[in-house]
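Protein chains in written order, with full-length UniProt numbering: chain A, 1 to 297; chain B, 1 to 316; chain C, 1 to 347.
What follows is a short report on a single structure.
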Amino acid sequence: MSAPDTKSAPDTKAAASAVPDVRRRRRPVTGSLLVGGLIVAVVLGMALLSFVWTPHDPTLVNASARLQKPSLEYWFGTDKFGRDVFSQILVGSRTTLFVGFVAVGVAAVVGVPLGIAAGMAPRWLGELLMRANDLLLAFPALLLAIMFAAVYGASTLVAMVAIGIASIPNFARLIRGGTLQVMKTEYVTAARAAGRGPFAIAVRHVLPNVSSLVIVQASVGFAIAVLAEAALSFLGFGTPPPTPSWGRMLQESQEMLSSAPRLAVFPGIAIAVAVLGFNLLGDGLRDRFDPKLEDRR
Amino acid sequence: MIVRLVQRIGILLASLVVSSVLVFAFMAVLPGDPARVALGVSASDTAVAQLREQFGLDRPLVVQYFSWVKGLVTFDPGNSYISQTAIGPQIADRLQVTLWLVGAGMALACILAIPMGTLMAVRHRKPSGLILSALSQVGVAVPAFLAGILLVTVFAVGLGWLPANGWTPPAQDPVMFLKQLVLPALSLGLVQGAMLTRYVRSAVLDVLREDYLRTARAKGLRPTRALLRHGLRNAAVPVVTVLALHLATLLVGAVVIERVFVIPGLGSLLLDSVSNRDLIMVQDVVMIIAMAVLLVNFLVDIIYLVIDPRLRAGAS
Amino acid sequence: MTGNVTGDVLAVRNLDVTVGGRKLVEDVGFTIGAGERVGLIGESGSGKSLTALSVMGLLPEGLRATGSVRLAGVDHDLVGADEARMSRVRGKEIAMVFQEPMTALNPTMRVGRQIAEVLLIHRTRPDRASARAAAVELLAQVGLPDPAAAAQAYPHQFSGGQRQRVVLAIALANDPALLVCDEPTTALDVTVQARVLDLIVRGVQDRRSAMLFITHDLAVVATACERVMVMYGGRLVESGPVQEVFTRPRHRYTQGLIGASDLTVVDDRGRLATIPGSVPPAGQFPAGCVFRNRCAHATEACATRPEWVPTGPDSGYACFHPASESPASQSGAHVKGTPMNQEAGRG
């Protein structure tokens with residue numbers, strides 16, 4: 001038992017927690033955050049490394065080294081054009097991260113203000129904004145990107161913007177939920193009573209309080225963007241050649257499945273691991289941040 | 001109840017109108033001249049003018065919009081700019097194929113996710129639950145087309161049990177139809193199922209913490225029966241929401257899967273039309289997919305009313 | 001079947017509830033006679049709810065009970081019994097009314113079915129039709145107007161007080177030998193508290209059921225119960241007939257509790273009496289007497305654990321420096337605002 005030198009007036013917080021509510025105890029720091037963070041760091045590291053060093057030129061066609069098995073020279077082997085698979089994976093991580101950053105950026109820049117506005121607006125207006133927002137859910141990232149590509153032709157930019165627009169509803173909905181909760185708090189009531197305008201309240205009170213939601217959603221949105229980019233490149237609507245992209249590597253591997261299945265395995269693993277990393281990071285961050293603002297939809 | 005129903009129908013109609021305007025604006029107005037897009041830059045001005053006249057592209061945009069909507073509503077969307085063939089029958093054919101694929105994928109996902117997710121929730125502190133959790137996390141990270149490629153590598157190329165690709169209508173050869181359906185449906189269903197499992201898990205976990213489940217046990221129900229009788233209906237509300245959202249993902253996922261398995265579905269039609277610069281076809285297919293998603297959302301709203309008596313009352 | 005010489009309905013012995021290595025309830029033992037109504041009082045965190053949940057075998061995940069809980073007519077110990085056995089006892093021999101009526105009922109099931117269910121589980125009615133009829137009858141007994149219509153309604157159509165009546169109807173459906181009530185009126189409006197309390201007492205009296213009533217409200221215990229037990233820091237500190245304990249408390253904690261609830265007692269500066277300090281977090285109670293860091297009478301002797309001093313067949317206390325047997329109203333005010341417990345704690 002603990003030494004009995006308890007102060008005469010322990011603080012009220014401690015007293016309130018005297019009933020151990022086991023089921024609501026926060027989970028101990030999960031492995032998700034650690035593993036997710038580590039994977040994301042590795043992907044980032046690969047992208048940075050690819051700027052200064054790759055074992056081979058990833059775009060160099062070498063007819064004498066076609067379809068090599070993995071070796072010391074070619075760690076992951078070579079493809080049907082004799083290009084080094086490992087180098088392509090390294091440089092491909094750049095494409096993946098670039099698309100993710102821009103897509104998440106577009107989604108956050110539009111979605112966060114939209115969500116805050118919908119949360120602070122009068123109820124009917126907020127509902128209307130959310131209905132419009134939900135309408136966008138009828139156009140998933142891939143569909144939107146295909147529409148864009150039909151009009152403007154396939155390019156990385158088109159893919160990024162389409163994925164970004166398609167990710168807006170997730171941000172807006174989540175942030176509106178958070179904003180509605182913040183607006184109920186007493187410090188916001190106090191700020192309003194003190195005559196602060198809605199813009200000041202949004203910037204000073206709402207934004208800081210929903211920022212953890214933004215970070216979590218950004219991480220999850222990143223995973224979605226990586227998946228969408230891979231699918232788009234696979235279909236030929238994403239990154240055009242010769243820039244290496246994991247999705248397109250998979251597409252190119254398809255015709256060689258019977259003779260060289262490893263060509264599908266390496267980019268496949270790269271995609272899955274990167275997505276896993278961002279998902280785990282998002283989960284881990286959600287556990288770390290205030291669970292009260294967690295939107296459980 | 002009636003008020004709610006009317007309200008939901010109103011929302012559905014409004015959503016359909018707004019999304020059709022959006023699609024029209026994007027596909028028919030933004031590109032400038034669809035006839036020019038269809039024929040390419042090198043086409044002569046007279047050829048372009050001829051095509052414009054033939055498809056009524058020289059009329060005011062409002063007129064064009066209404067004639068397009070009229071075509072959709074009457075199931076007669078006219079002819080393609082490129083192949084000059086009727087669009088309606090093509091879409092109907094392809095839609096059938098895609099619906100088989102999506103239906104089978106969805107069914108597989110549910111069969112996988114509902115028991116697994118429930119099991120994971122019930123055992124969430126035990127090693128078996130944690131392992132299942134980790135597995136589902138990995139499953140979520142695998143794109144459907146990658147799953148497809150891997151399945152083909154193992155079961156078609158490696159073991160030779162199933163055909164690697166192709167499509168046979170069920171009326172023509174039911175056995176071949178099923179054989180060819182298995183791998184694409186699995187690719188969609190496994191990945192979607194992994195995602196769904198996580199939602200089922202968290203919905204069931206939430207329900208497990210509810211007081212009424214304790215009441216049910218205090219009545220003398222064993223934990224499993226208490227969960228089955230009192231929990232699942234309550235857990236269904238959030239799961240049904242997610243199912244609806246997933247249908248949109250599945251429809252689009254099918255686009256990619258159709259490409260992997262060379263299946264002549266709506267997705268292949270969409271992709272071919274994009275490569276052919278057949279904008280009117282793209283416009284129609286996109287609208288069909290959006291309509292399907294909105295319709296499912298509407299059905300989900302109706303299902304809520306059936307599941308949750310609190311919503312029926314009309315008090316929000 | 002074990003012989004129960006005294007005719008007790010419930011016998012709890014050496015009950016401990018632990019989580020991790022911490023003891024939340026320690027060495028609690030008591031009996032409840034047939035038809036007897038016993039109150040269990042204490043502040044939040046005293047372990048009273050956990051004691052009740054251990055009796056029901058419904059402790060939250062992660063908490064473990066050890067010791068013995070025997071129920072008359074049940075041939076196994078309730079502590080450590082498997083779910084199959086417990087499920088036969090719950091809802092039939094022991095039933096429970098929970099604190100929060102708003103969430104205790106399944107929102108997607110009609111109220112009548114929820115009551116009929118408990119009859120069908122234990123096969124106390126032969127078929128659905130008779131169970132439904134019995135459910136309507138029970139709803140009438142708990143005083144819901146138009147019980148036939150109420151049976152067809154969903155929980156969200158009722159107020160908190162009405163829902164608690166429904167929960168009570170479920171609990172009383174199989175005429176349990178023991179009804180456990182965990183603060184059943186706390187969440188209700190003050191105006192409906194008395195009526196629900198009255199229904200509970202009448203319900204158990206009509207069925208000759210025994211009752212274990214958990215509350216922190218002394219007035220409720222005084223009206224509903226014959227005997228009272230006081231818990232603090234996970235231990236039973238005093239027990240006895242309500243009249244006796246409330247007028248002549250022996251344990252210093254009971255004394256403080258009663259002093260604090262007596263609004264006529266003030267100190268020389270005109271302030272209401274309070275117990276100094278607050279309940280420490282679970283597992284951080286002092287060794288020896290759990291109350292000694294808040295007690296004005298604590299001495300070095302209190303560093304060892306006080307033995308239970310019986311004062312009658314069902315009464316006693318655990319204190320080294322009990323209040324005298326003179327009436328309590330005076331001594332209650334003696335609990336001082338600034339205690340010497342820092343020194344007292346040195347032991």
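Where is the CB? At the ideal position from N, CA and C, for every residue including glycine.
Contact between the stretch 202-215 of chain B and the stretch 167-181 of chain B (3+ Cβ pairs under 8 angstroms): no
- request: Verify whether the separation of the beta carbon atoms of F145 (chain B) and F148 (chain A) is less than 8 angstroms.
  value: Taking the first residue of the second sequence as position 1, residue 145 (chain B) is located at position 145. Taking the first residue of the first sequence as position 1, residue 148 (chain A) is located at position 148. No.
Inset, instruction - Identify whether Y152 (chain A) lies in helix, strand or coil by the three-state DSSP scheme. - result: Within the first sequence, numbered from 1, the residue matching residue 152 (chain A) stands at position 152. Looking at Y152 (chain A) - three-state DSSP - the assignment turns out to be helix.
Mapping DSSP to helix, strand and coil, what is D27 (chain C)? Your numbering for residue 27 (chain C) matches position 27 in the third sequence. If DSSP states are grouped into helix, strand and coil, D27 (chain C) belongs with the strands.
**Asked** How long is the line joining the alpha carbons of V35 (chain A) and L250 (chain A), rounded to whole angstroms?
**Response** For this step, residue 35 (chain A) is matched to residue 35 along the first sequence. For this step, residue 250 (chain A) is matched to residue 250 along the first sequence. Roughly 26 angstroms separates the two Cα atoms.
message = Tell me the rounded alpha-carbon separation between A159 (chain A) and L13 (chain B).
response = Residue numbering aside, residue 159 (chain A) sits at position 159 when the first sequence is read from its first letter. Residue numbering aside, residue 13 (chain B) sits at position 13 when the second sequence is read from its first letter. Approximately 30 angstroms, taken between the alpha carbons.
Practice task
Report the rounded CA-to-CA distance for I258 (chain C) versus S68 (chain C), giving the unit in angstroms.
Solution key: If you number the third sequence from 1, residue 258 (chain C) lands on position 258. If you number the third sequence from 1, residue 68 (chain C) lands on position 68. Taking the straight line from one Cα to the other gives about 31 angstroms.
Exercise. How is C319 (chain C) classed by DSSP in three states: helix, strand or coil?
Worked result: Within the third sequence, residue 319 (chain C) is the residue found at index 319, counting from 1. Three-state result, C319 (chain C): coil.
| request: Tell whether a beta-carbon distance below 8 angstroms holds between L227 (chain A) and Q137 (chain B). | output: Taking the first residue of the first sequence as 1, we reach residue 227 (chain A) at position 227. Taking the first residue of the second sequence as 1, we reach residue 137 (chain B) at position 137. Against a cut-off of 8 angstroms, the Cβ pair of Q137 (chain B) and L227 (chain A) comes out as no contact.
Q) If you pair each beta-carbon of the stretch 160-167 of chain C with each one of the stretch 191-211 of chain C, do three or more pairs fall below 8 angstroms? A) yes
(request) Run the CB neighbour count on F103 (chain A), radius 10 Å, all protein chains shown included, and call it buried at 16 or more, exposed below. (result) As a working note, residue 103 (chain A) is residue 103 in the first sequence. For clarity, residue 103 (chain A) is Ala in the given sequence; the question names Phe instead. A103 (chain A) comes out buried.
Taking P140 (chain A) as the query, report the chain B residues whose CB atoms sit under 7 angstroms from its CB, ordered along the chain. In the first sequence, counting from the first residue as 1, residue 140 (chain A) sits at position 140. Within 7 angstroms Cβ-Cβ: A248, T249 and V252.
**Item:** Where R13 (chain C) falls: helix, strand or coil (DSSP)
**Value:** As a working note, residue 13 (chain C) is residue 13 in the third sequence. Three-state result, R13 (chain C): strand.
| Where does Q88 (chain A) land, buried or exposed, given buried means 16+ other C-beta within 10 angstroms? | For the purposes of this step, residue 88 (chain A) is taken as residue 88 along the first sequence, with counting starting at 1. Buried.
- [ ] Give a yes or no on whether the minimum CB-CB distance between S316 (chain B) and chain A is below 8 angstroms.
- [x] Walking along the second sequence from the start, residue 316 (chain B) turns up at place 316. The predicted position of S316 (chain B) is uncertain, since its pLDDT is 37 and thus under 50; no value can be drawn from it.
Original post:
Which residues in the same chain as V128 (chain C) place their Cβ atom closer than 8 angstroms to its Cβ, once the five residues preceding and following it in sequence are excluded?
Top reply: The sequence position of residue 128 (chain C) within the third sequence is 128, counting from 1. According to the sequence shown, residue 128 (chain C) is Arg rather than Val. Around R128 (chain C): A116 and L120.
Apart from the five residues just before and just after R286 (chain A), which ones in its own chain have a Cβ nearer than 6 angstroms to its Cβ? Numbered from 1 along the first sequence, position 286 holds the residue referred to as residue 286 (chain A). Result list for R286 (chain A): V216, in chain order.
### Query
Distance, Cα to Cα, A292 (chain B) vs L135 (chain A)?
Translated into the one-based positions of the second sequence, residue 292 (chain B) becomes position 292. Translated into the one-based positions of the first sequence, residue 135 (chain A) becomes position 135. So the alpha carbons of these two residues sit roughly 12 angstroms apart.
Looking only at C-alpha atoms, which of B:R123, B:G148, B:V122 and B:I11 sits nearest to V255 (chain B)?
For this step, residue 255 (chain B) is matched to residue 255 along the second sequence. It is B:G148 whose Cα lies nearest to the Cα of V255 (chain B).
Would you say the stretch 219-226 of chain C touches the stretch 9-24 of chain C, given that touching needs at least three Cβ pairs under 8 angstroms? no
Item to check | Contact with chain A by M27 (chain B), beta-carbon distance below 8 angstroms | outcome: For this step, residue 27 (chain B) is matched to residue 27 along the second sequence. Yes, contact with chain A.
Quick one: using the 10 Å Cβ neighbour count with 16 as the cut-off for buried, is D21 (chain A) buried or exposed?
Within the first sequence, the letter at position 21 stands for residue 21 (chain A). At D21 (chain A) the pLDDT is 39, less than 50, meaning the model places this residue with poor confidence and gives no usable figure here.
Beta-carbon separation of S155 (chain A) and P240 (chain A) under 8 angstroms?
-> Numbered from 1 along the first sequence, position 155 holds the residue referred to as residue 155 (chain A). Numbered from 1 along the first sequence, position 240 holds the residue referred to as residue 240 (chain A). Cβ distance < 8 angstroms, so S155 (chain A) and P240 (chain A) count as in contact.
Margin query: Under 8 angstroms, Cβ to Cβ, is there at least one residue of chain B near Q181 (chain A)?
Written below: Here residue 181 (chain A) refers to the residue found at position 181 when the first sequence is read from its first residue. Not closer than 8 angstroms to any Cβ of chain B, the Cβ of Q181 (chain A) fails to qualify, so no.
Practice task
For P281 (chain C), decide whether its Cβ has a neighbour in chain B, counting only Cβ atoms nearer than 8 angstroms.
Solution key: As a first step, residue 281 (chain C) must be located in the third sequence, where it is residue number 281. No, P281 (chain C) does not count as interfacial toward chain B.
Worksheet item: Do we get a CB-CB distance below 8 angstroms when we pair T241 (chain B) with the residues of chain C?
Response: Walking along the second sequence from the start, residue 241 (chain B) turns up at place 241. It does not; no Cβ of chain C falls within 8 angstroms.
Checklist entry - Excluding five sequence neighbours on each side, which residues of the same chain lie with their C-beta closer than 7 angstroms to the C-beta of P242 (chain A)? => result On the first sequence, position 242 is the one that residue 242 (chain A) refers to. Contacts found: T59.
message: Could you check whether H251 (chain C) and I41 (chain C) sit closer than 8 angstroms to each other, using their CB atoms as the reference points?
response: Within the third sequence, numbered from 1, the residue matching residue 41 (chain C) stands at position 41. Within the third sequence, numbered from 1, the residue matching residue 251 (chain C) stands at position 251. Taking 8 angstroms as the Cβ cut-off, I41 (chain C) and H251 (chain C) do not qualify as a contacting pair.
Check whether the Cβ of H76 (chain C) lies closer than 8 angstroms to any Cβ atom in chain B. Taking the third sequence and counting its residues from 1, one reaches residue 76 (chain C) at position 76. Not closer than 8 angstroms to any Cβ of chain B, the Cβ of H76 (chain C) fails to qualify, so no.
message = Quick check on DSSP: helix, strand or coil for D287 (chain A)?
response = Mapped onto the first sequence, residue 287 (chain A) falls at position 287. Helix, per DSSP.
In this structure, does DSSP put A202 (chain A) in helix, strand or coil?
Here the question's residue 202 (chain A) lines up with position 202 in the first sequence. Helix.
Under the rule that 16 or more other beta-carbon atoms within 10 Å means buried, what is L24 (chain C), buried or exposed? Mapped onto the third sequence, residue 24 (chain C) falls at position 24. It is buried - the Cβ of L24 (chain C) has at least 16 other Cβ atoms within 10 Å.
- What distance in whole Å lies between the Cβ atoms of V252 (chain B) and P140 (chain A), which are believed to be in contact at a cut-off of 8 angstroms? In the first sequence, the residue the question calls residue 140 (chain A) occupies position 140. In the second sequence, the residue the question calls residue 252 (chain B) occupies position 252. Contact holds; Cβ gap of about 5 angstroms.
ask   = Is the beta carbon of S212 (chain A) sitting closer than 8 angstroms to the one on F101 (chain A)?
value = On the first sequence, position 212 is the one that residue 212 (chain A) refers to. On the first sequence, position 101 is the one that residue 101 (chain A) refers to. Contact flag unset, no.
Q. Based on the DSSP output, what are the partners of F213 (chain C) in its beta bridges?
A. As a working note, residue 213 (chain C) is residue 213 in the third sequence. C:G39 and C:C181.
- Item | Residue from A:G153, A:A272 and A:R173 with nearest C-alpha to M120 (chain A) | Against the first sequence, residue 120 (chain A) aligns to sequence position 120. It is A:R173.
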